[in-house]
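Residue numbers (the working numbering): 381 to 486.
Don't be surprised by glycine CBs; every beta carbon is placed ideally from N, CA and C.
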Amino acid sequence: LMDYECSQQTQAIESHYHSLSENFLLQIVGHELAHWSEHFLDDFDGYDSYIWFEEGMVEYISRKYFLTEEEFQAEKICNQSLVELFQKKYGWHSLNDFGSSTYDKN
């Protein structure tokens, strides 16, 4: 957020990330373990085009499992604020633009 003007929105985002509980660490581990689930197979046609679906599902499942309802809602609000900030700076992009090539970029 260093490239953004200090505002109530950026201060709220920063405050959120300074107050995370250990549940968020568990959520990250849960996210990564969910990728290993047999429910997400890497061998279907178009995987590169639809990786956003797997990423979204493992993020949602791990958050619902490891975060309290209050933490889940706070993270959702923070993410919505980040999307709003990033869209102002970078414009709108379709989820279909999020593919495996996203991971190859710096």
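Short Cβ contact (7 Å threshold) for residue i with residue j
i, j, result
"L447", "Q407", "yes"
"W432", "F466", "no"
"I393", "S461", "yes"
Buried versus exposed, by CB contacts within 10 Å (16 or more), residue i
i, result
"G436", "exposed"
"V463", "exposed"
"V438", "buried"
"G471", "exposed"
Best match in the options for proximity to residue i [C-alpha to C-alpha]
i, options, result
"L405", "R443, L475, S474, C458", "R443"
"H398", "C458, Y470, S417", "C458"
"S455", "S387, L400, H419, S417", "At residue 455 the sequence reads Glu, which differs from the Ser that was named. Looking at the Cα atoms, L400 is the closest of the given residues."
Per-residue DSSP class, three states only, for residue i
i, result
"D477", "helix"
"H415", "helix"
"F420", "coil"
Extent of the continuous alpha helix (DSSP H) to which residue i belongs
i, result
"S461", "449-470"
"F446", "431-446"
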